[in-house]
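Numbering (the numbering used here), first residue to last: 360 to 692.
Heads up, the beta-carbon is just placed ideally off N, CA and C, and yes, glycines get one too.
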């Protein structure tokens, strides 16, 4: 079979196609691998090409084990594995988040291992990265269909009729550091973008112009006096963290606590706030929470069922067993 060698350099993504897709063997690695893996598995049959995946469980279980029958037989890599580990698997290509380029790129290149880097940080990144994956797999039509699904939902949610002023919203992560502190995301991250697209005022936006989560205490939260607080927890039911925050005496006078508007972010295997493929579900959930008087067609459960059917070919029975049974946080708000 004739072999082709193509080089593509596409807005933050580099990949080297040295063989037709049928011969490609992929390793999905690095930190934030769940985002990479879930994007790859949007393409039918892609899981058959995956040799190994770095640990893809944030604490609530592994989604890949539910959609890939062969997942349990694949090696699970350390998310901080070095290039030697990747080389030992003899992959045709390693797929990583773009943040891993600096640490792993030079070593993989030196060993002649092709790479594909995905940004997957904003809605705009998703359209670029999905297109790149479509080219990699030779499934451009599927990539266009996925992008179309996101665009339709995004446009619909952006243009929802909203009454009254924009609510002042705080999104925090339950901190694994000092007790009594929470973390807020940077201004440029998906979490902040989703709140803004939903029509909320992100009260923390000037407090974290950096590149990672930043700690805030109860006094700072009280000073912001948000109308609504969304609490993220990647390792357990987010309602536990939400109740803990709402019980802090220093926050009793905030509008969010007084009005009972402290919510645990919706989640299944993964929380819906992060730049995983589920971000569009997270956006709709935020819209429903921020604008409870808006008439939405169908329920959040209907939207989740539609999402997993289209994205992962998940039928009603499988959805009920795999996803619906795991829905947690204040999902039904």
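Reducing DSSP to helix, strand and coil, say where residue i ends up.
| i | result |
| --- | --- |
| residue 621 | strand |
| residue 442 | helix |
| residue 560 | strand |
| residue 573 | strand |
| residue 681 | helix |
| residue 550 | helix |
| residue 449 | coil |
| residue 650 | coil |
| residue 469 | helix |
| residue 660 | helix |
| residue 432 | helix |
| residue 525 | coil |
| residue 615 | helix |
| residue 410 | strand |
When the distance is taken between beta carbons, is residue j closer than 8 Å to residue i?
| i | j | result |
| --- | --- | --- |
| residue 607 | residue 561 | no |
| residue 575 | residue 566 | yes |
| residue 495 | residue 389 | no |
| residue 641 | residue 689 | no |
| residue 613 | residue 584 | yes |
| residue 505 | residue 401 | yes |
| residue 474 | residue 452 | yes |
| residue 626 | residue 662 | no |
| residue 492 | residue 399 | yes |
Have a look at the DSSP bridge pairing and note the partners of residue i.
| i | result |
| --- | --- |
| residue 626 | 630, 687 |
| residue 606 | Residue 606 pairs with nothing; no bridge assigned. |
| residue 532 | 542, 591 |
| residue 455 | 476 |
Return the first residue and the last residue of the beta strand (DSSP E) that residue i is part of.
| i | result |
| --- | --- |
| residue 476 | 473-477 |
With a threshold of 7 Å, establish whether the CB of residue i neighbours any heavy atom of the ligand MN.
| i | result |
| --- | --- |
| residue 607 | For the structure depicted, the ligand MN is absent and the ligand set is empty, with no information on it obtainable. |
How close, in whole Å, do the beta carbons of residue i and residue j come, if the pair is a contact with beta carbons under 8 Å?
| i | j | result |
| --- | --- | --- |
| residue 545 | residue 570 | 6 Å |
| residue 542 | residue 532 | 4 Å |
| residue 646 | residue 557 | 5 Å |
| residue 397 | residue 635 | 5 Å |
| residue 385 | residue 423 | Residue 385 to residue 423, Cβ: 13 Å. No contact. |
| residue 559 | residue 520 | Not quite, the Cβ-Cβ distance comes to about 15 Å (not below 8 Å), so this is no contact. |
| residue 620 | residue 588 | 7 Å |
Starting from residue i, follow the alpha helix (DSSP H) in both directions and report where the run begins and ends.
| i | result |
| --- | --- |
| residue 419 | Element bounds for residue 419: n/a, residue is neither H nor E. |
| residue 387 | Counting along the chain, residue 387 falls outside any alpha helix (DSSP H), though it belongs to the beta strand (DSSP E) covering 385-387. |
| residue 459 | Run containing residue 459: none; DSSP gives neither H nor E here. |
| residue 394 | 392-399 |
| residue 512 | 499-517 |
| residue 490 | 482-496 |
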